[in-house]
Amino acid sequence: GAVVSQHPSRVICKSGTSVKIECRSLDFQATTMFWYRQFPKQSLMLMATSNEGSKATYEQGVEKDKFLINHASLTLSTLTVTSAHPEDSSFYICSAWVSGTYSYEQYFGPGTRLTVT
Amino acid sequence: QKEVEQNSGPLSVPEGAIASLNCTYSDRGSQSFFWYRQYSGKSPELIMFIYSNGDKEDGRFTAQLNKASQYVSLLIRDSQPSDSATYLCAANTGTASKLTFGTGTRLQVTL
Chain A
1 GAVVSQHPSR VICKSGTSVK IECRSLDFQA TTMFWYRQFP KQSLMLMATS
51 NEGSKATYEQ GVEKDKFLIN HASLTLSTLT VTSAHPEDSS FYICSAWVSG
101 TYSYEQYFGP GTRLTVT
Chain B
1001 QKEVEQNSGP LSVPEGAIAS LNCTYSDRGS QSFFWYRQYS GKSPELIMFI
1051 YSNGDKEDGR FTAQLNKASQ YVSLLIRDSQ PSDSATYLCA ANTGTASKLT
1101 FGTGTRLQVT L
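Keeping their order, the protein sequence lines are chains A and B.
Reading the first sequence from the start, the letters are residues 1 to 117 in our numbering.
Reading the second sequence from the start, the letters are residues 1001 to 1111 in our numbering.
Here's what the structure looks like:
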C-alpha cells in the first residue's frame, strides 16, 4: 500500500497566487523528504531536500524564496509555490526513505499536478 | 558531475520476451541502486533495489549489478503489455542520501 501521500492530487490556480502542497509519511517517521518536479516527457528533477526541524537544502537553480519548504513534523513536509506563474505548471512529487530490516527504500507520493492559468 | 545514464529508447520487445534495460553510473562511491517504473502521468513506483554485485531476482524481475564496470541492469522476463512504461535507474552514495536518477528508458511491449 501507499506509504507516502500527497494532497492535493490536482490543483489549478491563477497566476500570482500561492499554492501549498502537502506530503505525508504514513505509519513511519521521515526526518528527510525530497521534492521533485517533472515537466511533460522530461525526467525527474530534484528540487530540494526537506529536513525536519531545519532549513531545506535546495538544488542549484531552484529559487528558495519561490518554493518554500516547511518540514515541521516527522510526518509532514509542505511545498508552497509562491506567486505562481504558468511556467510553474508541472508535476510535483515528494518522496521519503523507508527503512526496512536490511535496507532503505525510497518511495514516492502519488504526485500533485499543478496548472497555473 | 556525477551521472546515471540510460538509453532513452524506446525499447520495443514482443509480448513474452525478455526486456533488458541498462544503466551506467559515473560515481564509484555509489552504493545502492534502484529501479523505478513510471507510467505516463503517474509517479515512480519502486520495483527493485540492489546493493551487492551479482543478481537479485524478484518474480519476473532480475536486477544485475557490476560495480567494477559501473553497470546496472534490469531484466524483465515474460514481458507483458502492462510492463510498457518508463524505467528509471537511480543511485545513491550513502544510506538515505539523495538519489541521482537517469533520464529513463521507455519500454514498449508489443502484442
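Even glycine gets a Cβ: it sits at the ideal position worked out from N, Cα and C.
Just so it is clear, the structure is predicted and the values come from calculations on it, not from any experiment.
For the region 1064-1083 of chain B and the region 86-98 of chain A, state whether three or more C-beta atom pairs, one from each stretch, are separated by less than 8 Å. no
Hey, is the region 15-29 of chain A in contact with the region 1003-1012 of chain B, meaning 3+ C-beta pairs nearer than 8 Å? no
Closest residue to A/Gln-29 among A/His-7, A/Leu-74 and A/Gln-6 (Cα-Cα distance): A/Leu-74
Tell me whether B/Arg-1037 is buried or exposed, calling it buried when 16 or more other Cβ atoms sit within 10 Å of its Cβ. buried
Measure how close the beta-carbons of A/Phe-34 and A/Thr-49 come, nearest whole angstrom, since I'm counting them as under 8 Å. 6 Å
Can you list, in chain order, the residues of its chain with a C-beta nearer than 7 Å to that of B/Leu-1046? Leave out the 5 residues immediately preceding and following it. Phe-1034 and Tyr-1036
Contact list for A/Ile-93 against chain B, beta-carbon separation under 9 Å: Ser-1043 and Pro-1044
When we look at the beta-carbon of A/Phe-39 and count the other beta-carbons within 10 Å, is it buried (16 or more) or exposed? exposed
Measuring only the C-alpha atoms, how far is A/Ala-56 from A/Leu-44? 19 Å
A/Asp-88 lies in the beta strand (DSSP E); which residues open and close that run? Per DSSP, A/Asp-88 belongs to no beta strand (DSSP E) and is neither H nor E.
Thinking just about the alpha-carbon of each residue, which of A/Ser-89, A/Gln-106, A/Glu-105 and A/Tyr-107 is nearest to the one in A/Leu-114? A/Ser-89
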